[in-house]
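Protein chains in written order, with this note's numbering: chain A, 1 to 10; chain B, 1 to 215.
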């Protein structure tokens, strides 16, 4: 898993 | 993607286009705070570190590039362009924005989703964006009269985060584990800072008078 939550917002 | 977020992004883009229009059409940046523009350039550079590592969508990537390029172009233009920089209100734009930088970074070290480089810089960009408008609002109060394009610029900039709050409410109710409390609380503070500007902007629009902020 990525070490950060993917930020899908600008 | 939902309509609130798309509307918010379009308002954000519009605010930048209005600012670019003002600077290029009038060849003047009077009434614009260079400090606020520098803070915004930092916000985008700190937030979009994942530009090349996380591909979300073409829209997401293009908008990130547009925000980074436009915000740095505005700072460069206000600092380097010989004609534009002459109209910069240097003696009015005296807000000590380094405090905003330091406070945002300190808070990001304390309050973040995960103590990693990327998450700390993301939280830093969120906190910094919430307060980045302060030098601009102070400058508007000091310079008294606000020209139309500058007023519209600040209006759209404030409206964009208000739509993001609607987006977070919508996502909270439609998505199972959606928790964006750092951005949400910061977004509420950010929009609240515009409250008095929105009030005077509405009054000036209703009475069809020039926008004036009380000193």
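Each residue gets a CB set at the ideal place from its N, CA and C atoms; glycine is no exception.
Whole-angstrom distance between residue 215/B and residue 142/B, CA atom to CA atom: Translated into positions along the second chain, residue 142/B becomes position 142. Translated into positions along the second chain, residue 215/B becomes position 215. Roughly 6 Å between the two C-alpha positions.
Residues from the stretch 10-30 of chain B in contact with chain A, defined by Cβ distance under 8 Å: Within the stretch 10-30 of chain B, the qualifying residues are 12.
Assigned exposure category for residue 106/B - 16 Cβ within 10 Å defines buried: Against the second chain, residue 106/B aligns to sequence position 106. Around the CB of residue 106/B, fewer than 16 other CB atoms lie within 10 Å, so the residue is classed as exposed.
Boundaries (first-last residue) of the alpha helix (DSSP H) holding residue 115/B: The sequence position of residue 115/B within the second chain is 115, counting from 1. It is not in any alpha helix (DSSP H) - residue 115/B carries neither H nor E in the DSSP assignment.
Neighbourhood of residue 109/B by C-beta, 7 Å cutoff - its chain only, sequence neighbours within 5 removed: Counting from 1 along the second chain, the entry for residue 109/B is found at position 109. Only 120 meet the Cβ criterion.
is_contact[residue 2/B, chain A] using C-beta, thresh 8 Å: Translated into the one-based positions of the second chain, residue 2/B becomes position 2. Output row for residue 2/B: interface = no.
CA nearest to the CA of residue 59/B, picked from 206/B, 78/B and 13/B: Taking the second chain and counting its residues from 1, the one referred to as residue 59/B is at position 59. For the residues 206/B, 78/B and 13/B, the minimum Cα distance to residue 59/B belongs to 13/B.
Selected residue, minimal CA-CA separation from residue 6/A, among 213/B, 53/B and 28/B: Translated into the one-based positions of the first chain, residue 6/A becomes position 6. Of the candidates 213/B, 53/B and 28/B, the one whose C-alpha sits nearest the C-alpha of residue 6/A is 53/B.
Classification of residue 167/B by the beta-carbon crowding that lies within 10 angstroms, buried from 16 upward: The residue you call residue 167/B lines up with position 167 of the second chain. By the 10 Å Cβ count, residue 167/B comes out buried.
Residues near residue 22/B by beta carbon distance below 6 Å, same chain, minus five either side: The residue given as residue 22/B occupies position 22 in the second chain. Excluding sequence neighbours, residue 22/B sits near 149.
Per DSSP, the bridge partner or partners of residue 212/B: The residue given as residue 212/B occupies position 212 in the second chain. Beta-bridge pairing links residue 212/B to 145/B.
Beta-carbon proximity check, residue 299/B vs residue 115/B, cutoff 8 Å: Absent from the model: residue 299/B. The displayed extent of chain B is 1 to 215, so no value can be given.
Contact between the stretch 171-191 of chain B and the stretch 34-47 of chain B (3+ Cβ pairs under 8 Å): Three or more beta-carbon pairs separated by less than 8 Å are not found between the stretch 171-191 of chain B and the stretch 34-47 of chain B, which leaves the two stretches without contact.
Span separating the alpha-carbon of residue 98/B from that of residue 128/B: For the purposes of this step, residue 98/B is taken as the residue at position 98 of the second chain. For the purposes of this step, residue 128/B is taken as the residue at position 128 of the second chain. Their Cα atoms are separated by approximately 11 Å.
Terminal residues of the alpha helix (DSSP H) in which residue 1/B lies: Position 1 of the second chain, counting from 1, holds the residue named residue 1/B. Here residue 1/B belongs to no alpha helix (DSSP H), and DSSP marks it neither H nor E.
Closer than 8 Å to chain A by CB, residue 203/B: For the purposes of this step, residue 203/B is identified with residue 203 of the second chain, where counting begins at 1. By this cut-off, residue 203/B is not an interface position.
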